[in-house]
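Visitor:
Residue numbers (my numbering): 13 to 309.
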């Protein structure tokens, strides 16, 4: 087996190149000289939203044509874009803000290009997750970037239960209308005293950082109107369980059902026991067992 080796700049090729170009997450001054040069030079820009990108291009007086490329047209667009690249055209891919592929479209096109032998060149630049991390005051490495949690309550809880085993700093994205419910879900699983830094409106005029515990963040979120996009940087578990009971790896509902079947406990007694075993509130396990989905958004 031979590892695939692909040079970004030293190989001559009749194929075009796909450039992955980061765009500002708020402050237009964060656009790099190299990014501007690439957007000016390529034959076509693949944009998540051509209207948003048009404003950026107009600001820097760039006239390169665009084509829409987003999560809803990925399958139909990729063959079209590959055809252009195979014909020798150079393309740039941008998302609305930050890095392509990071909680944004991009990965599928990159994979398709690699499979077709097309050179993929990434440009460094603005990224909300790392921007928040280095100013959070929490341990910057190692860290895990998770992105958006699931919207469905039961799925979100299962995600957080797995993440609670992590000792590394965790990074999430969240929209303002879901922030409070996400903080409350984290407090239920991680504990209300877990440290968190919320980065709001990063690089923009109203940028601010809110540092404290999950309990304090929840109190802040309940006190007034929540505005802006958020990056949540959460302390890793300072005291994870080193020896994990294999039973605890199962979904909470299944754990309760097993206890009822194997030991003949009544549901409420089994729920109480599983809550204790997992270090969780009884109400959380009760909701999972009975599949109570209110407040899932």
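By construction, the Cβ of each residue, glycine as well, lies at the ideal position given by its N, Cα and C atoms. This structure is a prediction, so every number in the text was calculated from the model and none was measured.
(1) Rounding to the nearest angstrom, what Cα-Cα distance links residue 273 and residue 264 in this structure?
(2) Report the start-end ranges of each alpha helix (DSSP H) in the segment 122-194 that is 4 residues or longer and not cut off at the edges.
(3) Leaving out five residues before and five after residue 62 in sequence, what residues of the same chain have Cβ atoms less than 6 Å from its Cβ?
(4) Could you check which residue in 139, 129, 116, 288 has the C-alpha nearest to that of residue 213?
(5) Ordered along the chain, which non-local residues of its own chain (more than five positions away) have a Cβ less than 6 Å from that of residue 238?
(6) Please report how far the alpha carbon of residue 91 lies from the alpha carbon of residue 127, in whole angstroms.
(7) Does DSSP put residue 389 in a helix, in a strand, or in coil?
(8) Does the Cβ of residue 87 have 16 or more other Cβ atoms within 10 Å, making it buried, or fewer, making it exposed?
(9) Just checking my contact of residue 132 with residue 122 at CB under 8 Å: how many whole Å lie between their CB atoms?
(10) How far does the alpha helix (DSSP H) with residue 229 in it reach, from first residue to last?
(11) Please state whether DSSP places residue 106 in a helix, a strand or coil.
(12) How is the alpha helix (DSSP H) around residue 295 delimited, first residue to last?
(13) Output the distance between the C-alpha atoms of residue 114 and residue 34, rounded to the nearest integer angstrom.
(14) From the DSSP output, in three-state form, read off residue 27 for me.
Guide: In short:
(1) One-based indexing of the chain shown puts residue 273 at position 261. One-based indexing of the chain shown puts residue 264 at position 252. Their Cα atoms are separated by approximately 14 Å.
(2) 140-148, 165-175
(3) On the chain shown, residue 62 is found 50 positions in, with the first residue counted as 1. So the list reads 78, 80, once near-sequence residues are dropped.
(4) If you number the chain shown from 1, residue 213 lands on position 201. The residue with the shortest Cα to Cα distance from residue 213 is 139.
(5) The residue labelled residue 238 in the question sits at position 226 within the chain shown. Cβ within range, chain order: 188, 191.
(6) In the chain shown, the residue the question calls residue 91 occupies position 79. In the chain shown, the residue the question calls residue 127 occupies position 115. Using only the alpha carbons, I get a separation of about 12 Å.
(7) An answer regarding residue 389 cannot be provided, because it is not within the stretch 13 to 309 covered by the chain.
(8) As a working mapping, residue 87 is identified with position 75 in the chain shown. Exposed is the call here.
(9) As a position in the chain shown, residue 132 is number 120, starting the count at 1. As a position in the chain shown, residue 122 is number 110, starting the count at 1. At roughly 6 Å, the Cβ-Cβ gap stays under 8 Å, so residue 132 and residue 122 are in contact.
(10) Walking along the chain shown from the start, residue 229 turns up at place 217. Where residue 229 is concerned, the enclosing alpha helix (DSSP H) stretches over 226-235.
(11) For the purposes of this step, residue 106 is taken as residue 94 along the chain shown, with counting starting at 1. Residue 106 falls in the strand class under three-state DSSP.
(12) Counting from one through the chain shown, the residue named residue 295 turns up at place 283. Unbroken alpha helix (DSSP H) run through residue 295: 294-301.
(13) Within the chain shown, residue 114 is the residue found at index 102, counting from 1. Within the chain shown, residue 34 is the residue found at index 22, counting from 1. Cα to Cα, residue 114 sits roughly 10 Å from residue 34.
(14) Looking up residue 27 in the chain shown gives position 15. Three-state DSSP puts residue 27 in coil, outside helix and strand.
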